[in-house]
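Under the working numbering, the first residue of the sequence shown carries the number 546, and numbering increases by one thereafter. Each residue gets a CB set at the ideal place from its N, CA and C atoms; glycine is no exception. None of these values were measured; they are calculated from a predicted model.
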Amino acid sequence: MAQTQTAVPEQLPHHKVKIKQLEQRSCNEKNAKGKFCGGHLKRWFYTDDVLEQACGDVERAWGKKAEVYRCEHCKTLYLPNPEEANGLNVAGRGRTSIFGLTIAPKQK
Numbered sequence: 546m547a548q549t550q551t552a553v554p555e556q557l558p559h560h561k562v563k564i565k566q567l568e569q570r571s572c573n574e575k576n577a578k579g580k581f582c583g584g585h586l587k588r589w590f591y592t593d594d595v596l597e598q599a600c601g602d603v604e605r606a607w608g609k610k611a612e613v614y615r616c617e618h619c620k621t622l623y624l625p626n627p628e629e630a631n632g633l634n635v636a637g638r639g640r641t642s643i644f645g646l647t648i649a650p651k652q653k
């Protein structure tokens, strides 16, 4: 997996913000001891979060329907990588079967 470094995102007053690396699924934030957090990144619907409604930082910065991921442990926010294709599963693209059992995509 290639490590691409993009521009540093705008930091919010009450949240640490990072940009996901290509196909990243777990948090790479280091704690005080220098160990990786490793929490899963999950799509965060901040408009439904009661604590975020009181804070309001994310909605003011990015609007009501931004695609934001949050670490389940340390709560670091991740923005999607602009180089990654949109509309894919957070878990990644998956692999093509070597046994020929992969179903071909539907024709549009």
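Inset, instruction - Name the two residues that bound the continuous beta strand (DSSP E) containing L596. - result: No beta strand (DSSP E) contains L596, which is instead part of the alpha helix (DSSP H) from V595 to C600.
Legend entry - Beta-carbon spacing of H585, S571 below 7 Å: Closer than 7 Å, so yes.
Inset, instruction - Identify whether V613 lies in helix, strand or coil by the three-state DSSP scheme. - result: Here V613 sits in coil by DSSP.
Legend entry - Endpoints, beta strand (DSSP E) assigned at R588: Its beta strand (DSSP E) spans residues L586 to R588.
Inset, instruction - Mind checking which residues open and close the beta strand (DSSP E) that includes Y591? - result: Note, Y591: premise wrong, no beta strand (DSSP E); not H, not E.
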